[in-house]
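For the sequence shown, the residue numbers in this note's numbering are 1 to 88.
One structure is given here, and the rest of the page talks about it.
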Amino acid sequence: MNALDNLRANLKRLRLMRGLTQQKLSERADLEYKYLQKIESGRWPGLQLRTVERLARAVDVEAWELLCPPRERTARKPIKSRGKSSRP
């Protein structure tokens, strides 16, 4: 699965979770409805970063979250300190 496939899957999942139609999402992202349909169906390979950012804002996530495979996006682990422990 590549980043465009991840975007399509995540976008559709988030859109449905938020109860948005493609029409409503396109309005929130200030995009043409037909353009959003092409993105979700994978028929628009020349997607620009600014469009990804608009879509991310429209579904209330960061742009990187749309591009990551679901397992990476949901399985965040705390960052462990690399330095010496301050405990005695």
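Even glycine gets a Cβ: it sits at the ideal position worked out from N, Cα and C.
Remember, predicted model here, so these are calculated numbers, not experimental data.
| message | I need the straight-line Cα distance from E32 to S41, nearest angstrom please. | response | 15 Å
| query | N10: buried (16+ other C-beta within 10 angstroms of its C-beta) or exposed? | reply | buried
| Contacting residues, own chain, Cβ-Cβ under 7 Å from M1 (five flanking each side not counted) | P69
| Residue burial classification, L7 (beta-carbon count within 10 angstroms, cutoff 16) | buried
| Residue of L20, T21, S26, L67 minimising C-alpha distance to L49 | L67
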